[in-house]
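Novice:
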Amino acid sequence: MLTGRRIAAAGVVLLLAALLYAVAAQARIGYDTAYQLVWGRELLHGELPGYEVRLAPTPHPLQVLAAVPLALLGQAADEAMRALSLVALAALGAALYRAGALLFSRPVGWLAAALVLTRPHLLELGHLADADIPAAAFAAWGAVAALRARPALALGLLALAGLLRPEAWLLSLAYLAWLWWRGTRSAPLVALAVAAPVLWALSDLAVSGDLLWSLHHTRTGTDLLDRDTGVGSAVTQLPRHLNFLLGAPVLVAALLGLVAGLLAARERMWGLVAVLVLLGGGFGVLAVAGLSLQPRYLAGLASAVVVCAAIGGLGWTAVTSRPWRLAGIGALLLLALGLVFDAAEFADVRSRLVDDGAGLETLARGDARGALRDCGPVAVPTIRPIPYLALWTDTDPAGYVEAPAPGRTLVTPTPASESWIGGGGEGQPPRVVVAVPPELAPVAADADWVVASAC
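According to our numbering, the sequence shown is numbered sequentially starting from 881.
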């Protein structure tokens, strides 16, 4: 039932999302998300999604399903997906507020929300609109439901998270085991706990004929891109990735919160500690499975760490402890100092989100659209532009080839381009500028991109 308080809370979430959108209003969705939208469009047209495209990302069933109605928006589908992702980021902040307030106090909740919404690289993930932020938001609200002793709702939300990120499967099963141990046993709860992996596998089977398509395809992509994996890499990369997502001041405050909470308020901390262990272990499971270990996979763990940091800074407002209060004030000062470095990170993030890739979108939706649609195959310098061009021109990603494979149309950045759509970056294909062969004539160009065609 909608109450005035819930309507007001929803309004705050939407307002926060609008502010987050304004930070980089001209940004574009990420590579993975562009493919999810293409697959959603294919489903809308009554076709099976083309998962088999070389180095396509892992399909996320709930995101693909969400892309189906968004495809009705045509050229606005990508902006709608980004808006939904930023609403999810704002909702994540609201969930961490509720979790912090339920565990300790409202000040802890407010600080947790403020921290998660001001992390530059979490905001970047929100604008890229990959599955990680919505998954973290569903999981966080699932935790809130669990804290309020609403197991069916908690498992339902975790099931939605599990259709976006597999780490949520561990949370569902662990929570089910805890409920079982406490004497809450029912078939519907078991069904909710196992729904996500079962539905994911069935969707893989329906589209590809392989129950474990996502696992096999992702492992192949990890090998082809020569990305780090394995337990050793997980051990070294987990703290590195958390530092990338959150920053050192937040990690220091989180360590204080974890230690102080366990010493002075142990009963309040066990659930949070379990989440930390399970999500950290989930990262290890990816490593054991031979899958890539990207920072964004830790968005859920980073959210739990943020709650620890808020406990470190303001947990003493709910637990009388003079040493904790003194240390917490120091943590708050450290977090405030970290805002100076966050500002520089925000500028760097915005420069990556808003770059000359917008020029390619203008060409693809405009003067180059005819050649890209009707004069294939289209050669591109790396795999990076393929889902964007397919999305912007309503074409099949299978109609694109990587240079030097010949194409009747060529898309290439110029040496002046700095867009990540053209390649480059850690764990990504290198930036490649392709010379336009004499048999192709430019049909559209700007300072950063050239589209040439034989048609």
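Even glycine gets a Cβ: it sits at the ideal position worked out from N, Cα and C.
First and last residue of the beta strand (DSSP E) that includes Trp1329?
Specialist: Residue 1329 sits at position 449 when you count from the first residue of the sequence shown. Here the beta strand (DSSP E) through Trp1329 covers Trp1329 to Ser1333.
Novice: Please classify Val1111: is it buried, with 16 or more other beta-carbons within 10 angstroms of its beta-carbon, or exposed?
Specialist: As a working mapping, residue 1111 is identified with position 231 in the sequence shown. Classification of Val1111: exposed, given that the 10 Å Cβ count is below 16.
Novice: If distances are taken between C-alpha atoms only, which option among Gln916, Arg1120, Pro939 and Ala1332 comes closest to Ser1088?
Specialist: As a working note, residue 1088 is residue 208 in the sequence shown. The option with the nearest alpha carbon to Ser1088 is Pro939.
Novice: Going along the chain, which residues of its own chain have a beta-carbon closer than 7 Å to the beta-carbon of Val1314, five neighbours each way excluded?
Specialist: Position 434 of the sequence shown, counted from the first residue, corresponds to residue 1314. The answer, listed in chain order, is Pro1261, Ala1283, Leu1290 and Thr1292.
Novice: Would you report the Cα separation of Gln1058 and Pro1031, rounded to the nearest angstrom?
Specialist: In the sequence shown, the residue the question calls residue 1058 occupies position 178. In the sequence shown, the residue the question calls residue 1031 occupies position 151. Note that residue 1058 is Trp in the sequence shown here, rather than Gln. If you take the alpha carbons of Trp1058 and Pro1031, they lie about 11 Å apart.
Novice: Report yes if the C-beta of Ala1248 is less than 6 Å from at least one heavy atom of the ligand MG; otherwise report no.
Specialist: Ligands are entirely absent from the displayed structure, and the ligand MG is therefore not among its contents.
Novice: Put Ala1374 into one of helix, strand or coil per three-state DSSP.
Specialist: Past the edges of the chain, shown from 881 to 1335, lies residue 1374, and the structure says nothing about it.
Novice: Check the C-beta distance from Ala1075 over to Ala1017 and give it rounded, since I have them as a contact under 8 Å.
Specialist: As a working note, residue 1075 is residue 195 in the sequence shown. As a working note, residue 1017 is residue 137 in the sequence shown. Incorrect: roughly 18 Å between the Cβ atoms, too far for contact.
Novice: For the beta strand (DSSP E) that contains Pro1293, what are its first and last residues?
Specialist: Sequence index remark: in the sequence shown, residue 1293 carries index 413 (1-based). Looking at the DSSP string, the run of the beta strand (DSSP E) that includes Pro1293 is Thr1289 to Pro1293.
Novice: Pick out whichever of Leu1252, Leu972, Gln955 and Glu932 has its Cα sitting closest to the Cα of Leu894.
Specialist: Against the sequence shown, residue 894 aligns to sequence position 14. The option with the nearest alpha carbon to Leu894 is Leu972.
Novice: Quick one: residues in its chain with C-beta nearer than 8 Å to the C-beta of Ala1334, no 5 flanking neighbours on either side, listed in chain order?
Specialist: Working through the sequence shown from its first residue, we reach residue 1334 at position 454. Cβ within range, chain order: Cys1255, Arg1288, Thr1289, Glu1319, Leu1320 and Ala1321.
Novice: How is Glu1004 classed by DSSP in three states: helix, strand or coil?
Specialist: Taking the sequence shown and counting its residues from 1, one reaches residue 1004 at position 124. Helix, per DSSP.
Novice: Are the segment 1199 to 1209 and the segment 1139 to 1158 touching by the rule of at least three beta carbon pairs closer than 8 Å?
Specialist: Judged by Cβ distances under 8 Å, the segment 1199 to 1209 makes contact with the segment 1139 to 1158, as three or more pairs qualify.
Novice: DSSP three-state label for Gly1307, please.
Specialist: Translated into the one-based positions of the sequence shown, residue 1307 becomes position 427. Residue confidence for Gly1307 is low, a pLDDT of 48 falling below 50, so the modelled location carries little weight; the figure read from the coordinates is stated next. DSSP places Gly1307 in coil when its eight states are reduced to three.
Novice: Do the segment 995 to 1004 and the segment 1120 to 1128 touch if we need at least three Cβ pairs shorter than 8 Å?
Specialist: Judged by Cβ distances under 8 Å, the segment 995 to 1004 makes contact with the segment 1120 to 1128, as three or more pairs qualify.
Novice: Which term fits Gly1307, buried or exposed, when burial requires 16 or more other beta carbons within 10 angstroms of its beta carbon?
Specialist: Taking the first residue of the sequence shown as position 1, residue 1307 is located at position 427. Unreliable positioning characterises Gly1307 in this predicted model, as indicated by a pLDDT of 48, which lies under 50. The coordinate reading is nonetheless provided below. The residue in question, Gly1307, is exposed, as its Cβ has fewer than 16 Cβ neighbours within 10 Å.
Novice: Identify, in the order they occur along the chain, each residue of the same chain with its Cβ nearer than 7 Å to the Cβ of Ala1285, setting aside the five sequence neighbours on each side.
Specialist: Counted from its first residue, the sequence shown places residue 1285 at position 405. Here the set comprises Ala1259.
Novice: Below 8 Å on the Cβ atoms is my guess for Ala1216 versus Gly1192; work out the distance and round it to an integer in Å.
Specialist: Locating residue 1216 in the sequence shown gives position 336, where the first residue counts as 1. Locating residue 1192 in the sequence shown gives position 312, where the first residue counts as 1. About 14 Å separates the two Cβ atoms, so there is no contact after all.
Novice: Checking the sheet assignment: what are the DSSP bridge partners for Pro1322?
Specialist: Residue numbering aside, residue 1322 sits at position 442 when the sequence shown is read from its first letter. In DSSP, Pro1322 forms a bridge with Ala1332.
Novice: In the DSSP assignment, find the alpha helix (DSSP H) that holds Tyr911 and state where it starts and stops.
Specialist: Numbered from its first residue, the sequence shown carries residue 911 at position 31. From DSSP, the alpha helix (DSSP H) with Tyr911 extends over Tyr911 to Leu924.
Novice: So is His1096 buried or exposed if we call it buried at 16+ other beta carbons inside 10 Å?
Specialist: Locating residue 1096 in the sequence shown gives position 216, where the first residue counts as 1. By the 10 Å Cβ count, His1096 comes out exposed.
Novice: Express the C-alpha separation of Glu927 and Val1078 in angstroms, rounding to a whole number.
Specialist: Mapped onto the sequence shown, residue 1078 falls at position 198. Mapped onto the sequence shown, residue 927 falls at position 47. Between Val1078 and Glu927, the C-alpha separation is close to 22 Å.
Novice: Let me check one thing: in DSSP terms, what residues is Glu1147 bridge-paired to?
Specialist: Here residue 1147 corresponds to residue number 267 of the sequence shown, with the count starting at 1. DSSP, once it has assigned bridges, lists no residue as partnering Glu1147.
Novice: Where in the segment 1199 to 1250 do unbroken runs of the alpha helix (DSSP H), each at least 4 residues long, occur, reported from the N-terminal end onward?
Specialist: Complete alpha helix (DSSP H) runs here, min 4: 1202 to 1233 and 1237 to 1245.
Novice: Could you check the C-alpha separation between Val1234 and Asp958 for me, to the nearest Å?
Specialist: To locate residue 1234, count along the sequence shown from 1; it is residue 354. To locate residue 958, count along the sequence shown from 1; it is residue 78. Using only the alpha carbons, I get a separation of about 15 Å.
Novice: Mapping the DSSP letters down to three states, classify Val1316 as helix, strand or coil.
Specialist: By one-based count along the sequence shown, residue 1316 stands at place 436. The answer is coil: DSSP assigns Val1316 none of H, G, I, E or B.
Novice: Since Tyr1268 and Trp1093 should fall inside the 8 Å C-beta cutoff, what is the C-beta to C-beta distance between them, to a whole number of angstroms?
Specialist: Within the sequence shown, the letter at position 388 stands for residue 1268. Within the sequence shown, the letter at position 213 stands for residue 1093. Incorrect: roughly 23 Å between the Cβ atoms, too far for contact.
Novice: With a cut-off of 8 Å on the beta carbons, I'd call Ala914 and Leu1271 a contact; round off their distance for me.
Specialist: Within the sequence shown, the letter at position 34 stands for residue 914. Within the sequence shown, the letter at position 391 stands for residue 1271. That belief holds up - the Cβ atoms of Ala914 and Leu1271 are roughly 5 Å apart, short of 8 Å.
Novice: Would you decide whether Ser965 is buried or exposed? Buried here means 16 or more other CB atoms lie within 10 Å of its CB.
Specialist: As a first step, residue 965 must be located in the sequence shown, where it is residue number 85. Burial call: buried.
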